[in-house]
Amino acid sequence: QELTYFDATDSTQFTAHKLAQEGATEGHVVIANEQTAGKGRLGRDWYSRKGTSVSISMILRPDLPPQKTPQLTLLTAVAVVRAIKNIVGIECDIKWPNDILLKGKKLVGILTEMQADPDRVHSIIIGIGINVNQRSDDFDPSIRDLATSLAIEKGKTVERAQVISAVLNEFEHLYDLYLNEGFTPIRSLWEVYSISVGTYIYARTMREVIYGYAKGITNDGVLLLEDEKGQEHKIYSADIEIA
Ligand code: BTN
Numbered sequence: 080q081e082l083t084y085f086d087a088t089d090s091t092q093f094t095a096h097k098l099a100q101e102g103a104t105e106g107h108v109v110i111a112n113e114q115t116a117g118k119g120r121l122g123r124d125w126y127s128r129k130g131t132s133v134s135i136s137m138i139l140r141p142d143l144p145p146q147k148t149p150q151l152t153l154l155t156a157v158a159v160v161r162a163i164k165n166i167v168g169i170e171c172d173i174k175w176p177n178d179i180l181l182k183g184k185k186l187v188g189i190l191t192e193m194q195a196d197p198d199r200v201h202s203i204i205i206g207i208g209i210n211v212n213q214r215s216d217d218f219d220p221s222i223r224d225l226a227t228s229l230a231i232e233k234g235k236t237v238e239r240a241q242v243i244s245a246v247l248n249e250f251e252h253l254y255d256l257y258l259n260e261g262f263t264p265i266r267s268l269w270e271v272y273s274i275s276v277g278t279y280i281y282a283r284t285m286r287e288v289i290y291g292y293a294k295g296i297t298n299d300g301v302l303l304l305e306d307e308k309g310q311e312h313k314i315y316s317a318d319i320e321i322a
């Protein structure tokens, strides 16, 4: 497995895209000690200052149709939750599709992107950002009340290298399971850690806000929401708020 490490880079995600275009192989991992222009979902910034967070981007080349890539986002969330439980004994929750929350505050962000044709994926780049050693005032004021870190929860510094290796190990294990047995076992695990299924939620999509009962996820990782009129909605992309 190849690894590209930076003390500082703009974004591991940009680097991974570049490496993928240049032919990097499955499992190539990009890690940075600091990102100066980390990016989040929906064009947002992702803060990852020196020495405080874990920033990983992984290049995968599964033989999958593009519409199956959300499965890998869900798989990644499960891998990170399990790694954190193993390493620091903290249990966190998954909020669909890819936020990992600790006591309602954001601990981990996952960003999945792909280079693909309509019928075939060339590469999938999965970015994982974990807040490890930030103190509350290390967070930008705009997110201070919404974010947390492992160190805030534990009351002490956590070894980032351990977090990285646990995440990569757990990911590799689940990815093997996925390639051998498909999404079903991953989906069951995901539902165990999820707080956004079996409850009422607001789903804020690009066009509207839909309120309803989250019934579950499909095998494609789509969230099924039943609104108050009993109509079912398939949610492909949205911000979720637990009602
Ligand atoms: C989110 O908006 O919740 C997703 C955040 C993803 C952050 C990670 S950190 C590693 C990788 N590099 C980036 O620039 N972003 C992702």
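So the sequence shown is numbered by full-length UniProt numbering: it starts at 80 and just counts up by one. The beta carbon of each residue, even a glycine, is placed where N, CA and C say it ideally should be.
- Would the beta-carbon of Val167 fall within 8 Å of that of Leu229? Mapped onto the sequence shown, residue 167 falls at position 88. Mapped onto the sequence shown, residue 229 falls at position 150. Contact flag set, yes.
- Query: Would you say the stretch 244-253 touches the stretch 150-164, given that touching needs at least three Cβ pairs under 8 Å?
  - Reply: Using a Cβ-Cβ distance cut-off of 8 Å, the stretch 244-253 and the stretch 150-164 are in contact, since at least three pairs of beta carbons, one from each stretch, lie closer than that value.
- Query: Is it a yes or a no for the stretch 115-128 touching the stretch 208-219, going by three-plus beta-carbon pairs under 8 Å?
  - Reply: Taking a cut-off of 8 Å on C-beta distances, the stretch 115-128 touches the stretch 208-219, as three or more cross pairs fall below it.
- Message: Output needed for Val211: all residues of its chain with C-beta closer than 7 Å, excluding positions within five of it in sequence on either side, in chain order.
- Response: Mapped onto the sequence shown, residue 211 falls at position 132. Only Thr131, Ser132, Val133, Ser228, Leu229, Ala230, Val237, Arg239 and Val242 meet the Cβ criterion.
- Contact belief for Arg120 with Leu190 at Cβ below 8 Å, rounded distance in angstroms: Counting from one through the sequence shown, the residue named residue 120 turns up at place 41. Counting from one through the sequence shown, the residue named residue 190 turns up at place 111. Contact flag correct, Cβ pair sits at about 6 Å.
- Task: Tell me whether Val109 is buried or exposed, calling it buried when 16 or more other Cβ atoms sit within 10 Å of its Cβ.
- Result: Here residue 109 refers to the residue found at position 30 when the sequence shown is read from its first residue. Taking every protein chain shown into account, the CB of Val109 has 16 or more other CB atoms within 10 angstroms, so this residue is buried.
- Message: the ligand BTN and Asp86: does any heavy atom of the ligand fall closer than 7 Å to the residue's C-beta?
- Response: Here residue 86 corresponds to residue number 7 of the sequence shown, with the count starting at 1. In this structure, the C-beta of Asp86 stays at least 7 Å away from each heavy atom of the ligand BTN.
- Helix, strand or coil: which one does DSSP assign to Thr297? Within the sequence shown, the letter at position 218 stands for residue 297. Thr297: coil per DSSP, three-state reduction.
- Supposed close pair Ala103, Ile135 - CB separation, criterion 8 Å: Numbered from its first residue, the sequence shown carries residue 103 at position 24. Numbered from its first residue, the sequence shown carries residue 135 at position 56. In this structure Ala103 is not in contact with Ile135, their Cβ atoms being roughly 14 Å apart against a cut-off of 8 Å.
- Could you give the C-beta distance for Ser202 and Ala99, rounded to a whole number, given that I count them as a contact under 8 Å? In the sequence shown, the residue the question calls residue 202 occupies position 123. In the sequence shown, the residue the question calls residue 99 occupies position 20. Contact between Ser202 and Ala99 holds: their C-beta atoms lie close to 4 Å from each other, under 8 Å.
- Going by CA-CA distance only, name the one from Lys174, Gln194 and Glu192 that's closest to Leu186. As a first step, residue 186 must be located in the sequence shown, where it is residue number 107. Ranking the options by Cα distance to Leu186, first place goes to Lys174.
- Cα-Cα separation between Ala81 and Thr148, rounded to whole angstroms: Position 2 of the sequence shown, counted from the first residue, corresponds to residue 81. Position 69 of the sequence shown, counted from the first residue, corresponds to residue 148. According to the sequence shown, residue 81 is Glu rather than Ala. Take the alpha-carbon of Glu81 and the one of Thr148: they are about 22 Å apart.
- Roughly how many angstroms lie between the CA atoms of Phe262 and Gln114, to the nearest whole one? Taking the sequence shown and counting its residues from 1, the one referred to as residue 262 is at position 183. Taking the sequence shown and counting its residues from 1, the one referred to as residue 114 is at position 35. Between the C-alpha atoms of Phe262 and Gln114 there is a straight-line separation of about 32 Å.
- Starting from Gln80, trace the alpha helix (DSSP H) both ways and give me its first and last residue. For the purposes of this step, residue 80 is taken as the residue at position 1 of the sequence shown. Run containing Gln80: none; DSSP gives neither H nor E here.
- Task: Reducing DSSP to helix, strand and coil, say where His201 ends up.
- Result: Locating residue 201 in the sequence shown gives position 122, counting from the first residue. The answer is strand: DSSP assigns His201 an E or B state.
- Query: If you scan the stretch 102-189 from start to end, which runs of the alpha helix (DSSP H) of 4 or more residues do you find wholly inside it?
  - Reply: The qualifying runs are 148-167.
- Alpha carbon of Ala293 to alpha carbon of Ala317, nearest angstrom: On the sequence shown, position 214 is the one that residue 293 refers to. On the sequence shown, position 238 is the one that residue 317 refers to. Those two C-alpha atoms are separated by around 13 Å.
- With burial defined as no fewer than 16 other Cβ atoms inside 10 Å of the residue's Cβ, what is the status of Tyr254: buried or exposed? Residue mapping note: residue 254 aligns to position 175 of the sequence shown, counting from 1. Label assigned to Tyr254: buried.
- Between the Cα of Val200 and the Cα atoms of Leu304, Ile179, Leu151 and Asn298, which residue gives the shortest distance? Within the sequence shown, numbered from 1, the residue matching residue 200 stands at position 121. Between Val200 and the set Leu304, Ile179, Leu151 and Asn298, the nearest pair of CA atoms involves Leu151.
- Check whether the Cβ atoms of Asn112 and Ala95 lie closer than 8 Å to each other. To locate residue 112, count along the sequence shown from 1; it is residue 33. To locate residue 95, count along the sequence shown from 1; it is residue 16. No, the Cβ-Cβ distance between Asn112 and Ala95 is not below 8 Å.
- Below 8 Å on the Cβ atoms is my guess for Gly300 versus Leu153; work out the distance and round it to an integer in Å. Here residue 300 is taken as the residue at index 221 of the sequence shown, counted from 1. Here residue 153 is taken as the residue at index 74 of the sequence shown, counted from 1. Contact between Gly300 and Leu153 holds: CB atoms are separated by about 5 Å, below the 8 Å threshold.
- Task: Check whether the Cβ atoms of Thr278 and Ile321 lie closer than 8 Å to each other.
- Result: Numbered from 1 along the sequence shown, position 199 holds the residue referred to as residue 278. Numbered from 1 along the sequence shown, position 242 holds the residue referred to as residue 321. Yes, these two residues count as a Cβ contact at 8 Å.
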